[in-house]
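For the sequence shown, our numbering gives the first residue as 105, with consecutive numbering after it. C-beta: ideal position from N, C-alpha, C; glycine also.
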Amino acid sequence: LLRCGLKADHPAVVRALQFLRAAPPVKVYSAGCQLLALGATGDPAHRAWAEEIVALLLGWENHARRGSWGYPGGAADLSNTQYAALGFWGASKLGIEIDIKVWRRMVERVLHFQPPSVEVPWPRVEGERRSGRRRIAGFTYREEGQRKDETGTMTTAGLCVLAIPT
C-alpha cells in the first residue's frame, strides 16, 4: 500500500500495522515480511518494535549451520534464509544495524546452497553465432543439494542474499 502511494497514516495502513502488532511472528517468513513492512513506513516510531523482531530472527539462526534459517525444528533452507536477509534489510531502513558478522555468515553459508558449476553449450539464438561452452551454477533449496534441485526461484533467493549486504 505504501509503495502504491498511500501515506503511512492512511486508515488501511494503520489497521494493517495494528494487526501485525497484535500478531507477533512465529516463523522466519512472517518476521521477514513484518520487518519489510515496518521498514517501508520509514517511521522511527517503529524502531523498537523492529528491534524486537530482529532479536527473534537472530535467535532463530540455525546454530548447527550458522548463517542460515529454517522452519521451527526443521533443517535450514535457502528460502527461509532469504526471508531473514530481507527482514534484516527492512530493519536497516529504520536505522537498525545488523552486525557485519551476521551478514558474513549469511554470505558464506549461502554458497553451500550452490552446487559446483557445470559446463554447457551456449543456447542457439537465431542470427547469432557462438561457439564454445559456458559455466553455469544455480542454487538449491537445501545445502549441498543435488544438481536437479536447482531452480530459478532458489537461484534468485541465493543472489538476493548475496546482494543485500553490499
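Query raised in the report: When you compare only the Cα positions, how much space is there between L105 and P128?
Result: Here residue 105 is taken as the residue at index 1 of the sequence shown, counted from 1. Here residue 128 is taken as the residue at index 24 of the sequence shown, counted from 1. Between the alpha carbons of L105 and P128 lies a distance of about 21 Å.
Query raised in the report: Across which residues does DSSP place A180 in a beta bridge pair?
Result: Position 76 of the sequence shown holds residue 180. The partner list for A180 (beta bridge, DSSP) reads G174.
Report task. Determine the DSSP secondary structure at E212, reduced to helix, strand or coil. Result -> Locating residue 212 in the sequence shown gives position 108, counting from the first residue. Note: E212 maps to helix in three-state DSSP.
Query raised in the report: Can you list the beta strand (DSSP E) stretches of 3 or more residues lying completely in the segment 226-269, in chain order?
Result: The beta strand (DSSP E) runs lying completely inside the segment 226-269 and spanning 3 residues or more are 237-240, given in chain order.
Query raised in the report: Cα separation between P225 and I240?
Result: As a working mapping, residue 225 is identified with position 121 in the sequence shown. As a working mapping, residue 240 is identified with position 136 in the sequence shown. Near 10 Å, if we compare the C-alpha coordinates of I240 and P225.
Query raised in the report: Can you name the start and end residues of the alpha helix (DSSP H) that G146 belongs to?
Result: The sequence position of residue 146 within the sequence shown is 42, counting from 1. Taken as a continuous stretch (DSSP letters only), G146 belongs to no alpha helix (DSSP H), as it is neither H nor E.
Query raised in the report: Roughly how many angstroms lie between the CA atoms of P269 and I200, to the nearest whole one?
Result: Within the sequence shown, numbered from 1, the residue matching residue 269 stands at position 165. Within the sequence shown, numbered from 1, the residue matching residue 200 stands at position 96. About 13 Å.
Query raised in the report: Are the segment 118-133 and the segment 160-173 touching by the rule of at least three beta carbon pairs closer than 8 Å?
Result: The segment 118-133 vs the segment 160-173: in contact.
Requested in this report: Return the chain-ordered list of same chain residues with a C-beta closer than 8 Å to the C-beta of A144, the five sequence neighbours on each side being excluded.
Outcome: Taking the first residue of the sequence shown as position 1, residue 144 is located at position 40. Within the same chain, A144 has close Cβ partners L106, R107, G194, K197.
Requested in this report: Look at the alpha carbon of L142 and the alpha carbon of P220, and state the distance between them as a whole number of angstroms.
Outcome: For the purposes of this step, residue 142 is taken as the residue at position 38 of the sequence shown. For the purposes of this step, residue 220 is taken as the residue at position 116 of the sequence shown. Just so you know, the alpha carbons of L142 and P220 end up roughly 38 Å apart.
Report task. Could you tell me the distance, in whole angstroms, from the CA atom of R208 to the CA atom of G231? Result -> Reading the sequence shown from its first residue, position 104 is the one you call residue 208. Reading the sequence shown from its first residue, position 127 is the one you call residue 231. Their Cα atoms are separated by approximately 44 Å.
Query raised in the report: So who's on the other strand from V224, going by DSSP bridges?
Result: Locating residue 224 in the sequence shown gives position 120, counting from the first residue. Beta-bridge analysis with DSSP links V224 to R238.
Query raised in the report: Given 8 Å as the limit, is there contact between the segment 259-268 and the segment 175-192, that is, 3 or more CB pairs closer than that?
Result: Yes, the segment 259-268 is in contact with the segment 175-192.
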